[in-house]
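Residue numbers (my numbering): 522 to 645.
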C-alpha cells in the first residue's frame, strides 16, 4: 500500500470522494492505491491511534518483527502488544503473516502496510 490517510469526516465526505474517484476512473486516469480510514467521531479515531498503538505502529514501520520482537523493543507485555496488533490489523494498517521458523514452528511476523501515514482531523 502506498498511501494511508486517517481522517474525520461525514457520510457526505465519503460520497463526494467516491464520485471524484469514479470520474477519474471514467476518464482513464491511473488511480493510486490508497487506504482512507474515516471516522465520524474524533474519539473513535483517538481510540484506534492511542499513544501506545502509535508507538507500536512506528516500531513496526521502522523494523518488522514478531510479537515477541516488538514487545521486547517497546518494553511492553506480549498480551498488550497482541491486543493492539489485532486492532491495527483490523484497521488495515499492519499485516500479520505466518512464517515457518525452523525448530520453533510458525511465528507471526508483523509488517506495516505503508511507510507513511497522513492524519487529517476536522473538528466540527
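Note that beta-carbon positions come from the ideal geometry of N, C-alpha and C, so glycine has one too.
Source: prediction; values computed, not measured.
| Asked | Found |
| --- | --- |
| Flag this pair as touching only if the segment 591 to 605 and the segment 542 to 561 have three or more C-beta atom pairs under 8 Å; answer yes or no. | no |
| Where does residue 622 fall in DSSP's three states? | strand |
| Can you find the residues in the same chain that come closer than 6 Å, C-beta to C-beta, to residue 577, ignoring five residues on each side of it along the sequence? | 605 |
| Do you know how far the Cα of residue 611 is from the Cα of residue 537? | 25 Å |
| Within the chosen definition, does the segment 581 to 597 reach the segment 547 to 559 through at least 3 CB pairs nearer than 8 Å? | no |
| If you measure between the beta carbons of residue 542 and residue 638, is that distance less than 8 Å? | no |
| DSSP three-state label for residue 516, please. | Nothing about residue 516 can be read from this structure; the chain reaches only from 522 to 645. |
| Looking only at C-alpha atoms, which of 618, 634, 633 sits nearest to residue 627? | 618 |
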